[in-house]
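S.K.:
Here it is, written out as structure tokens:
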């Protein structure tokens, strides 16, 4: 994806967010309907349902907003049609490396009991992996 298309997607997303805010206000004032703007930005099914609901209402300004949002999200080059860009290669390598090293930290703390021959997990290793243990 080129830089210009990424900029265009960001501008479309900002415009869509402002239109959804207007849609939310109109729906809340006229119908008492509360919408989730953030969820509408990421879920095409929910976005389509809210737009269909708003299109049925007798408000022309609301219909205009819905038409613009449909074009932004479901149009030919809509935000739900274009796949999101892949993570940069360095981010993928860092996340892969950190996941492999976190597994090695736990496995390196396993000690074998010479009497039973069974591996015994060090209690401190378990505490390090828990939420409270990391805070200490």
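In this note's numbering, the protein residues as written are 67 to 202.
Built from N, CA and C at the ideal position, the CB exists for glycine as well.
When you compare only the Cα positions, how much space is there between residue 102 and residue 132?
M.R.: The straight-line gap from Cα to Cα measures roughly 15 Å.
S.K.: Drop a sphere of 10 angstroms on the beta-carbon of residue 86, count the other beta-carbons inside from all chains shown, and report buried for 16 or more, exposed for fewer.
M.R.: Classification for residue 86: buried.
S.K.: Within its chain, find whatever has a CB closer than 7 Å to the CB of residue 93; leave out the 5 residues flanking it on each side and keep chain order.
M.R.: Result list for residue 93: 99, 101 and 120, in chain order.
S.K.: Let's test the definition: count the other Cβ atoms within 10 Å of the Cβ of residue 155 and tell me whether it reaches 16, buried, or not, exposed.
M.R.: By the neighbour-count rule (16 or more Cβ atoms within 10 Å), residue 155 is not buried but exposed.
S.K.: Considering only the alpha carbon of each residue, which of 163, 110, 124 and 105 lies closest to residue 141?
M.R.: Of 163, 110, 124 and 105, the residue nearest in Cα terms is 110.
S.K.: Of the residues 162, 105, 136 and 127, which one's Cα is nearest the Cα of residue 118?
M.R.: Closest option to residue 118, Cα to Cα, is 136.
S.K.: Roughly how many whole angstroms lie between the Cα atoms of residue 107 and residue 113?
M.R.: Residue 107 and residue 113: Cα-Cα distance of roughly 7 Å.
S.K.: Compute the Euclidean distance between the alpha carbons of residue 90 and residue 163, then round it to the nearest angstrom.
M.R.: The alpha-carbon atoms of residue 90 and residue 163 are separated by roughly 43 Å.
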